[in-house]
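Residue numbers (my numbering): 167 to 531. Quick reminder that beta carbons are idealized off the backbone N, C-alpha and C, glycines included. Below is one structure, written out as structure tokens, with a few remarks after it.
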Amino acid sequence: MCCNQNSNHCSKFARLSLLLAGLCLVLCGCQEVETVKRELLKKVQGNILKKKNPFTPREGITLRPCSLFQTANPNSEVIIKLPAETPLHLMDKVGELYRVRVRDGREGYVEEKVVGGQDVIVRTNELRRSIEGMPVQGEGIIKTKANFRLEPGREPEIIEILPPGKKFEIYERVVTVKRPASSATRGRPGSHGQSLEDAAAVDEPSTDQVRKDVWYKVKLEDGRVGYIYTHNMKLSPPEDIARTVPFMRMVGWRTVNSTDDPDRGAKSNFIVAYAPIGKDAGCDYTRLYFMSWSTKLKRRVISWQLRLTGVLPITDYHSEGKPGFSVRYLHPGKKDKLVLASFVFAKGAIRKVGEEEIPNPAEIH
167 MCCNQNSNHC SKFARLSLLL AGLCLVLCGC QEVETVKREL LKKVQGNILK
217 KKNPFTPREG ITLRPCSLFQ TANPNSEVII KLPAETPLHL MDKVGELYRV
267 RVRDGREGYV EEKVVGGQDV IVRTNELRRS IEGMPVQGEG IIKTKANFRL
317 EPGREPEIIE ILPPGKKFEI YERVVTVKRP ASSATRGRPG SHGQSLEDAA
367 AVDEPSTDQV RKDVWYKVKL EDGRVGYIYT HNMKLSPPED IARTVPFMRM
417 VGWRTVNSTD DPDRGAKSNF IVAYAPIGKD AGCDYTRLYF MSWSTKLKRR
467 VISWQLRLTG VLPITDYHSE GKPGFSVRYL HPGKKDKLVL ASFVFAKGAI
517 RKVGEEEIPN PAEIH
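Laid out in structure tokens, this is it:
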């Protein structure tokens, strides 16, 4: 039944095109008739193709902040500005725009290039869940224009190019093998055709046998979670702990407790991770310091330190009502394992209370 109806529609369109073409033959001449015929046939073929390949409504999500337009024209009136990761119901596709409905019931059009599909929805949810309950490992700010991705590496799709000055929280540090060229499908190259990563790492030492790229898993101010290349950003630790350890680079820090100063109130105490400058240590950090507030000196001092081949994150730990923290470090004999070591604060000291083997999810550090 459906096929017969489609055939009847096609026949009617074809007869109409021939009738109009004949009329134009009398009025306009052969050359103009051919032009009209071509246009009519294109319209007929377009209608047939649309019937054969109807748009399948589905769910989507905005990749970055964008506009909801009144019509299928990016120059038309903007109904509303949509934030990144706004759920969309995709209703139809018109040229390079989708007709969509947002959760409050409003309908309009958004550009195809700012819409992600089910795979992006799944990945964004995974990333948000991955940091639930995880303490912030530090804070940072974009130094030069940076690619924001949902996976670490130069090949994954670029979701957005972040401008300098944008702030974020740090959760993990990830290492990937450096590839010679980027094949990302979104974004713009850096200066002189370079990727933003290559442009930022122009002064990076190149003596390592295996070239590595380092990425931080971050949460942006709007709540999105993803990855940023380390050379496009800089850490922004509290000023006093940033100057405490010379000739080493800070990798991360987190508040573990506080000291009550009768003159200045509660002052945070930090666990701070450091690595050598200009050297690949094969891990995230090699030194761990406890920087506590001295009520006598009115500044933070190093009151405990530990050497280890550490891997972020540094997490919370409690034992018998005592607060503490847990660190991960490379297993001395098993590449597929890490050691999880737990410490507590007891009687003014830091004491190790246990170790256990855990899986090592990373291939390289």
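query: Closest Cα partner of Tyr483 within the set Leu496, Thr475, Phe509; result: Phe509
query: 8 Å Cβ cutoff met for Thr290 and Leu328; result: no
query: Nearest to Ile308 (by Cα), restricted to the options Phe334, Glu273, Ala432; result: Phe334
query: Identity of the residues DSSP links to Cys449 by a beta bridge; result: Paired residues: none, contrary to the question.
query: Exposure of Glu522, with buried meaning 16 or more beta-carbon neighbours within 10 Å; result: exposed
query: Euclidean distance between Cα positions of Ala238 and Glu273; result: 11 Å
query: Beta-carbon proximity check, Tyr535 vs Ile443, cutoff 8 Å; result: What the structure shows of the chain is the stretch from 167 to 531, and residue 535 is not part of that stretch, so it cannot be assessed.
query: Inter-residue CB distance, Ile468 and Thr410 (contact presumed, cutoff 8 Å); result: 7 Å
query: For Gly514, the three-state DSSP class (helix, strand or coil); result: coil
query: Same chain only: Cβ atoms within 6 Å of Ser242, ignoring 5 sequence neighbours per side; result: Phe235, Gln236
query: DSSP-derived helix/strand/coil call for Ser242; result: coil
query: Backbone CA spacing between Val505 and Val493 [nearest angstrom]; result: 8 Å
query: Close beta carbons around Ile524, own chain, < 8 Å, minus the five adjacent residues each side; result: Arg494, Lys503, Leu504, Val505, Leu506
query: Secondary structure of Ala408, DSSP reduced to three states; result: helix
query: Backbone secondary structure at Glu486 - three-state DSSP; result: coil
query: Length of the line joining the Cα atoms of Gly304 and Asn435; result: 13 Å
query: Contact under 8 Å by Cβ, Asp258 with Arg269; result: no
query: For Ser296, the first and last residue of its enclosing beta strand (DSSP E); result: It is not in any beta strand (DSSP E) - Ser296 instead sits in the alpha helix (DSSP H) that spans 284–296.
query: Rounded Cβ spacing between Ala528 and Leu478 (contact assumed at less than 8 Å); result: Contact doesn't hold; Cβ gap of about 11 Å is too wide.
query: Cα-Cα separation, Leu496 to Asp446; result: 15 Å
query: Leu362 to Arg377 span [Cα, whole Å]; result: 17 Å
query: Meets three-Cβ-pair contact criterion under 8 Å: the region 421–435 and the region 453–462; result: yes
query: Through-space distance from Asp379 to Val343, alpha-carbon basis; result: 6 Å
query: Three CB pairs or more closer than 8 Å across the region 292–302 and the region 319–328; result: no
query: Continuous beta strand (DSSP E) stretch holding Asp379: start and end; result: 378–386
query: Cut-off 7 Å between Cβ atoms - residues of its own chain near Pro403, not counting five sequence neighbours on either side; result: Gly304, Met416, Trp419
query: Neighbour-count burial assignment, Val288, 16 or more Cβ in a 10 Å radius; result: exposed
query: Backbone CA spacing between Gly499 and Arg517 [nearest angstrom]; result: 24 Å
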